[in-house]
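Peer 1: Each protein sequence line maps, in turn, to chains A and B.
Numbers in our numbering are just positions in the first sequence, counted from 1, shifted up by 20.
Numbers in our numbering are just positions in the second sequence, counted from 1, shifted up by 26.
First the structure, then my questions, so here it is.
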Amino acid sequence: LWWAHSPPARFPRPPPADARGGPVGSCGRRAYAPPAERKRFYQNVSISQGEGGFEINLDHRKLKTPQAKLFTVPSEALAIAVATEWDSQKDTIKFYTMHLTTLCNTALDNPTQRNKTQLIRAAVKFLETDTVCYRVEEPPALAELQKNEWDPVVAWAEKRYNVTIGSSTSILGPNIPASTKETFVSHLASYNMWALQGIEFVITQLKSLILSMSLIDRHITVEKAVLLSRLEEEYQIRRWGNVEWAHDYDLCELRARTAAGTLFVHLCSESSTVKHKLLQD
Amino acid sequence: MAALGAPLRTLRALLRELRHAAGRSYRDSPAYRHVLEAFRAHRVTSEKLCRAQQELHFQAATYLCLLRSVREHEALHREYHGRGERSPQEVAGLVGFRLPQQPGGKG
Chain A
21 LWWAHSPPAR FPRPPPADAR GGPVGSCGRR AYAPPAERKR FYQNVSISQG
71 EGGFEINLDH RKLKTPQAKL FTVPSEALAI AVATEWDSQK DTIKFYTMHL
121 TTLCNTALDN PTQRNKTQLI RAAVKFLETD TVCYRVEEPP ALAELQKNEW
171 DPVVAWAEKR YNVTIGSSTS ILGPNIPAST KETFVSHLAS YNMWALQGIE
221 FVITQLKSLI LSMSLIDRHI TVEKAVLLSR LEEEYQIRRW GNVEWAHDYD
271 LCELRARTAA GTLFVHLCSE SSTVKHKLLQ D
Chain B
27 MAALGAPLRT LRALLRELRH AAGRSYRDSP AYRHVLEAFR AHRVTSEKLC
77 RAQQELHFQA ATYLCLLRSV REHEALHREY HGRGERSPQE VAGLVGFRLP
127 QQPGGKG
């Protein structure tokens, strides 16, 4: 009798009206989610450099995360991109379009409270259910398409990381050897915490570790990665037709999130130093 | 290395996207200036395959993809999903009915 064992679900309380509209810790467990839309309440967006990094100013106010921490980012380019997101909002602030801001908030607040090891483990676990390793046997046209499009990426990953991955048509998926997983674990450990949040985000969007690494290593573009991730959908679209309000909508959203995640990873893990070469006569 | 095409094309498309995003004063926006500065700084190089140049081009292409997809997604959202719920009058009108008018209001 399920109702005897589990307590009835409590409806979450409506968010209190404050500047951030963030979660309130006192009313029990509440989802970590800001309100969907708000009126634009600032005129100018600017960047300033503080002790912890670069900060965003909305008029004279400093931007804060949903958990009320000061919003600081390590990279100036990232700060500029976030400021552009805020500045491009017209009458209402559409939080669901501000992917870089969301990623920065996640990195700063770490709402799932995972440490580096846990993030890496979550990322590498995806390899067991990696999209490009799961093949169909029919229809033969789709099986052929998967072979032609996905085999090169798997081969690239195997060569680049010196591992064995393979692919499988069984429902259990490919058998990934432990050494392969260890290689990826140690490779991902070389990224800092911020970049790892971004990597894990891209993996959950593309549903593939291999495609994500291929993207982050600049082997393929965002558009190509999204196409490969949605290969079966694209096949069905070509067969049965495109539905703009569903297919294109999802495509644009996936592209936006993946592009944001990739850019986030690169901006958080780069060290930009311009080396001036000596002019040789 | 990803197939990106000409850097100039990416740059122009990116600046166009920034113009859409910013509005009137797009040329003074930090993003516009930063992008132009970055492209200028990496232009002069004696190497044919400059790694930093390729990295910058990839970043620019990624940012372009982000701006373009966000804009297209918002446009699709506005067109197909932004209308909200229908009023009771509209719902009745869908099947050809009209809501009754009660003189003096309800109850």
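Even for Gly, the Cβ is constructed at its ideal location relative to N, Cα and C.
Model, not experiment: these values are computed from the prediction.
Measure the Cβ-Cβ separation of residue 113(A) and residue 180(A) and say whether it is below 8 Å.
Peer 2: No, these two residues do not count as a Cβ contact at 8 Å.
Peer 1: Do residue 147(A) and residue 74(A) come within 8 Å of each other at the CB atom, strictly closer than that value?
Peer 2: Going by C-beta atoms, residue 74(A) is not nearer than 8 Å to residue 147(A).
Peer 1: Report, in whole angstroms, the separation of the C-beta atoms of residue 265(A) and residue 106(B), which I expect to be a contact under 8 Å.
Peer 2: Rounded, the Cβ-Cβ distance is 4 Å, consistent with contact.
Peer 1: Using a Cβ-Cβ distance under 8 Å, would residue 96(B) count as near chain A?
Peer 2: It does: the Cβ of residue 96(B) has a partner Cβ on chain A nearer than 8 Å.
Peer 1: Assign residue 262(A) to one of two classes, buried (16 or more other C-beta atoms within 10 Å of its C-beta) or exposed (fewer than that).
Peer 2: It is exposed - the Cβ of residue 262(A) has fewer than 16 other Cβ atoms within 10 Å.
Peer 1: Leaving out the 5 sequence neighbours to the left and right, which residues in its chain are closer than 6 Å to residue 66(A) when beta-carbon positions are compared?
Peer 2: Here the set comprises 77.
Peer 1: Ends of the beta strand (DSSP E) at residue 76(A)?
Peer 2: Counting along the chain, the beta strand (DSSP E) containing residue 76(A) begins and ends at 74-78.
Peer 1: Would residue 213(A) pass as a contact of residue 136(A) if the rule is Cβ separation under 8 Å?
Peer 2: Contact flag set, yes.
Peer 1: For my contact list, residue 219(A) and residue 208(A) are in at a C-beta cut-off of 8 Å; report their separation, rounded to the angstrom.
Peer 2: Yes, residue 219(A) and residue 208(A) are in contact; Cβ-Cβ is about 7 Å, under 8 Å.
Peer 1: Please return the same chain residues whose Cβ sits closer than 7 Å to the Cβ of residue 40(B), not counting the five positions on each side in sequence.
Peer 2: Around residue 40(B): 61, 86, 89, 90.
Peer 1: Under DSSP, the beta strand (DSSP E) around residue 112(A) begins and ends at which residues?
Peer 2: Start and end: 112-114.
Peer 1: Whose CA, out of 87(A), 88(A), 99(A), lies closest to the CA of residue 70(A)?
Peer 2: The shortest Cα separation from residue 70(A) among 87(A), 88(A), 99(A) belongs to 99(A).
Peer 1: Let's test the definition: count the other Cβ atoms within 10 Å of the Cβ of residue 199(A) and tell me whether it reaches 16, buried, or not, exposed.
Peer 2: The residue is exposed, with fewer than 16 neighbouring Cβ atoms inside 10 Å.
Peer 1: Check the Cβ of residue 272(A) against every Cβ in chain B and list those closer than 7 Å, keeping chain order.
Peer 2: Here the neighbours are 95, 98, 99, 102.
Peer 1: Between the Cα of residue 149(A) and the Cα atoms of 121(A), 186(A), 90(A), 88(A), which residue gives the shortest distance?
Peer 2: For the residues 121(A), 186(A), 90(A), 88(A), the minimum Cα distance to residue 149(A) belongs to 186(A).
Peer 1: Express the C-alpha separation of residue 102(B) and residue 296(A) in angstroms, rounding to a whole number.
Peer 2: Below a pLDDT of 50, predicted positions are generally treated as unreliable, and residue 296(A), at 48, falls in that range; the measurement from the model is reported next regardless. Cα to Cα, the separation comes out at about 46 Å.
Peer 1: Would the region 278-290 of chain A and the region 87-95 of chain A be scored as touching if the rule is three or more Cβ pairs under 8 Å?
Peer 2: Yes, the region 278-290 of chain A is in contact with the region 87-95 of chain A.
Peer 1: With burial defined as no fewer than 16 other Cβ atoms inside 10 Å of the residue's Cβ, what is the status of residue 96(B): buried or exposed?
Peer 2: The residue in question, residue 96(B), is buried, as its Cβ has 16 or more Cβ neighbours within 10 Å.
Peer 1: Output needed for residue 168(A): all residues of its chain with C-beta closer than 7 Å, excluding positions within five of it in sequence on either side, in chain order.
Peer 2: Excluding positions up to five away in sequence, the list is empty.
Peer 1: Going by C-alpha distance, which of 142(A), 159(A), 166(A) is nearest residue 152(A)?
Peer 2: It is 166(A) whose Cα lies nearest to the Cα of residue 152(A).
Peer 1: Look up residue 242(A) in the DSSP assignment and say whether it is helix, strand or coil.
Peer 2: Helix.
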